[in-house]
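In this note's numbering, the protein residues as written are 207 to 293.
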Amino acid sequence: MQRRAQAKAAELGISFAEYVRRVIADDLGQPGHKVDISAVFDLGASREATNVARDKHRMLDEAAWEDYQRKTGRTQRGAGRAKAGRR
């Protein structure tokens, strides 16, 4: 039985250990629940098109600043400056 399992693993191009893990996982079922992939979509939806490659540093800076303000309970002082730089 082990030789057949090793041959099947080789046929699939995976290690014997990986084959055993997959067989056990199939037999026991996957733990927890699977999240529908559609839950990932629209997480970053915005009205305006964005260019993350170009603007990632500015976007991260704004997100960090907003998080800091939220955590410290500070007002939105300087928010006008951040928005003025947007294109």
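Backbone N, C-alpha and C define an ideal beta-carbon position, used for all residues, glycine too.
Inter-residue CB distance, residue 222 and residue 215 (contact presumed, cutoff 8 Å): Going by Cβ atoms, the distance from residue 222 to residue 215 rounds to 5 Å, so yes, they are a contact pair.
Whole-angstrom distance between residue 255 and residue 212, CA atom to CA atom: Answer to the nearest angstrom: the Cα atoms are 51 Å apart.
Start-to-end residues for the alpha helix (DSSP H) that takes in residue 224: In the DSSP annotation of this structure, the continuous segment of the alpha helix (DSSP H) that includes residue 224 starts and ends at 222-234.
Between the CA atoms of residue 235 and residue 270 - distance to the nearest angstrom: Each residue's CA atom was taken as its position, placing residue 270 and residue 235 some 40 Å apart.
Bounding residues of the alpha helix (DSSP H) (the contiguous stretch that carries residue 265): Membership of residue 265 in the alpha helix (DSSP H) is indicated by the continuous run 258-278.
Local conformation of residue 217 per DSSP, three classes: Helix, per DSSP.
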